[in-house]
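Numbering (our numbering), first residue to last: 494 to 1021.
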């Protein structure tokens, strides 16, 4: 049943909903700490983090909160009903013992969460009785609030409609605000961590650049859609390059860059930085040298590149690609290739955490075409020779897949490379956990299949993932008949989203077949 079908109780117009009853502790006994009458004053932290957390009382840890959520207690105070809430109703619930707040159009009763909040009661009260979306995004947009506060959900926030009495027209919604990363830092005695917070499912990209072999000057670029947000740092003291670790969360939108201090000691400050912006379509190229170029199978090869003097580290957004630029007969030729995850070309004993291990390398699997000017030239590259790489490019929106739990992947030949970048983020997704991820991989013969052992190992490790190889030599072709069983309305596991990548003819045939099966444009993405 949708929220719009649910009616508020008859008493809603007269009496606001009461906060939930507390079995073991009366609501009225909840008291603000002695500092509640005063604003929390910022102070230095032993970790160097300007955001201080409050010490929680015994029994109010995250695990205690999870146990309370699973106890069956009525944390929303609505008796299990979903109740639409107007802004005027929301404003009435603005006390520590009766606290509601709205985040992105959803209203939560946070009364029972007060003492569990790591930032303290005072901080949480800043958002009570109003729409706290902006405040939430400023402080911790990466937090998975639907999961954390799911049992506190009251209902959707219903805006008070403002009507022009003369024209009787509803005012248009305000233009969306630009997403700007928020910077923070923490330190240990021997490490400095630079943190950048964006938004859930923002799918950020990252570029790190050491300036002129400096030990203190560093440029960090955060890519959000078609904008690079550039942070130019001057670090307090010398650091070791490259970084010890880099963690980019496609789902959480959080980025961490862990740097090792050359001298292990506490710092008073991280240093300073300036902020600017660049359009991601800018014609900037990075110089990489060839580390390795060798055959992968009968018509494909591996190409491993590393930035000159390891001065640049690039982490692509999920589903994005790079253009490789080469001179040819007096002209510059470019072809688009999607790097493969760093652990795809390693043996099973060499597996690494692709999210956490920083690398100044980019690794590609490339199909060689006899008459292909770029692939033929790339295949002949020797270690030490150089090529130019563009900045990451693409238009894939990871958020488009958030509502889907059964996803079908269609790949043909070398079109498997962008599909590879989807596997880990989808299978590791915490919010709306995936139920089924099925890959249909189209090739001519068995000898043409890339990474067959890797896909089998993933099937063995995660039962939600399955892979089926379709061979044209055996009569396999993309068609409506082949795809129809995956979209049967009688099946509970019918797929609701499809990602497609292959040659132009394959993509066209796939899209036409999916349209015949009544899939809408928003239920598919084609990598071009």
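We put the beta carbon where it would ideally sit given N, CA and C, even for glycine.
On the DSSP letters alone, give me the boundaries of the alpha helix (DSSP H) that residue i sits inside.
| i | result |
| --- | --- |
| residue 639 | 638-641 |
| residue 909 | 909-920 |
| residue 614 | 614-618 |
| residue 937 | Counting along the chain, residue 937 falls outside any alpha helix (DSSP H), and DSSP gives it neither H nor E. |
| residue 633 | 626-633 |
| residue 481 | No answer is possible for residue 481: it lies beyond the span of the chain, which begins at 494 and ends at 1021. |
| residue 580 | 580-585 |
| residue 927 | It is not in any alpha helix (DSSP H) - residue 927 carries neither H nor E in the DSSP assignment. |
| residue 1023 | Summary: the structure shown does not reach residue 1023, with the chain confined to residues 494 through 1021, and so no result is reported for it. |
Leaving out the 5 sequence neighbours to the left and right, which residues in its chain are closer than 7 angstroms to residue i when beta-carbon positions are compared?
| i | result |
| --- | --- |
| residue 683 | 753, 754 and 757 |
| residue 1105 | Nothing in the structure corresponds to residue 1105, since the chain is present only between 494 and 1021. |
| residue 905 | 935, 995, 996 and 999 |
| residue 729 | 760, 762, 763 and 764 |
| residue 920 | 927, 930, 955, 957 and 958 |
| residue 981 | 987 |
| residue 799 | 781, 782, 784, 853 and 854 |
| residue 952 | 958, 959 and 960 |
In chain order, what residues of the same chain lie with their CB nearer than 6 angstroms to the CB of residue i, ignoring the 5 residues before and after it?
| i | result |
| --- | --- |
| residue 907 | 860 |
| residue 788 | 794 |
| residue 747 | 635 and 690 |
| residue 902 | 912, 932 and 992 |
| residue 786 | 796 and 874 |
| residue 514 | Caution applies to residue 514, whose pLDDT of 43 falls short of 50 and renders its modelled position unreliable; the value that the coordinates give is listed next. Hits under 6 angstroms: none found. |
| residue 872 | 794 and 861 |
| residue 558 | 609 |
| residue 671 | none |
Given this structure, state the Cα-to-Cα distance separating residue i from residue j, to the nearest angstrom.
| i | j | result |
| --- | --- | --- |
| residue 595 | residue 727 | 39 angstroms |
| residue 990 | residue 740 | 28 angstroms |
| residue 705 | residue 801 | 12 angstroms |
| residue 868 | residue 874 | 10 angstroms |
| residue 1063 | residue 973 | The structure shown does not extend to residue 1063, since the chain is modelled only from 494 to 1021, so the question has no answer here. |
| residue 988 | residue 1017 | 11 angstroms |
| residue 882 | residue 945 | 28 angstroms |
| residue 603 | residue 809 | 37 angstroms |
| residue 623 | residue 597 | 11 angstroms |
| residue 616 | residue 606 | 12 angstroms |
| residue 877 | residue 550 | 59 angstroms |
| residue 834 | residue 778 | 21 angstroms |
| residue 862 | residue 781 | 23 angstroms |
| residue 552 | residue 566 | 16 angstroms |
| residue 1013 | residue 1005 | 11 angstroms |
| residue 965 | residue 768 | 53 angstroms |
| residue 575 | residue 631 | 28 angstroms |
| residue 708 | residue 687 | 15 angstroms |
| residue 541 | residue 737 | Low local confidence applies: a pLDDT of 40 at residue 541 is under 50, so the model's placement there is unreliable, with the coordinate-based value given in what follows. If I take the Cα positions, the gap works out to 19 angstroms. |
| residue 879 | residue 1003 | 37 angstroms |
| residue 749 | residue 722 | 15 angstroms |
| residue 1024 | residue 925 | Within the shown structure, residues of the chain are numbered from 494 to 1021, placing residue 1024 beyond reach of any answer. |
Skipping 5 residues on each side, what residues in its chain have a beta carbon closer than 8 angstroms to that of residue i?
| i | result |
| --- | --- |
| residue 578 | 593, 595, 600, 647, 648, 649, 650 and 651 |
| residue 942 | 934, 936 and 962 |
Per DSSP, which residues does residue i bridge with? Please list them.
| i | result |
| --- | --- |
| residue 1017 | 991 |
| residue 859 | 794 |
| residue 814 | 886 |
| residue 879 | 782 |
| residue 800 | 781 |
| residue 648 | 600 |
| residue 904 | 934 and 994 |
If you follow the beta strand (DSSP E) that residue i is part of, which residue opens it and which one closes it?
| i | result |
| --- | --- |
| residue 566 | First-last for residue 566: undefined, no H or E at that position. |
| residue 973 | First-last for residue 973: 973-976, but that is the alpha helix (DSSP H), not the beta strand (DSSP E). |
| residue 1008 | No beta strand (DSSP E) holds residue 1008; the alpha helix (DSSP H) holding it covers 997-1009. |
| residue 961 | 958-964 |
| residue 689 | 684-690 |
| residue 713 | 710-717 |
| residue 829 | 824-830 |
| residue 872 | Residue 872 -> not in any beta strand (DSSP E); alpha helix (DSSP H) instead, spanning 866-872. |
| residue 765 | 764-772 |
| residue 572 | Per DSSP, residue 572 belongs to no beta strand (DSSP E) and is neither H nor E. |
| residue 601 | 599-602 |
| residue 756 | From DSSP, residue 756 is part of no beta strand (DSSP E); its letter is neither H nor E. |
| residue 701 | 698-703 |
| residue 609 | Residue 609 -> no beta strand (DSSP E), and no H or E assigned at all. |
Quick test of your reading: residue i and residue j, contact by CB under 8 angstroms. State the CB separation rounded to the nearest angstrom.
| i | j | result |
| --- | --- | --- |
| residue 922 | residue 712 | So it is not a contact: roughly 31 angstroms between Cβ atoms. |
| residue 555 | residue 562 | Not a contact, Cβ separation roughly 11 angstroms. |
| residue 811 | residue 696 | 5 angstroms |
| residue 698 | residue 681 | About 27 angstroms; that fails the 8 angstroms criterion. |
| residue 612 | residue 547 | 6 angstroms |
| residue 830 | residue 886 | In fact, because the Cβ distance is near 11 angstroms, the residues do not count as touching under 8 angstroms. |
| residue 940 | residue 791 | 6 angstroms |
| residue 819 | residue 826 | 5 angstroms |
Determine, using beta carbons only, whether residue i comes closer than 7 angstroms to chain D.
| i | result |
| --- | --- |
| residue 881 | Protein chain content of the structure displayed is limited to a single chain, and chain D is not contained in it. |
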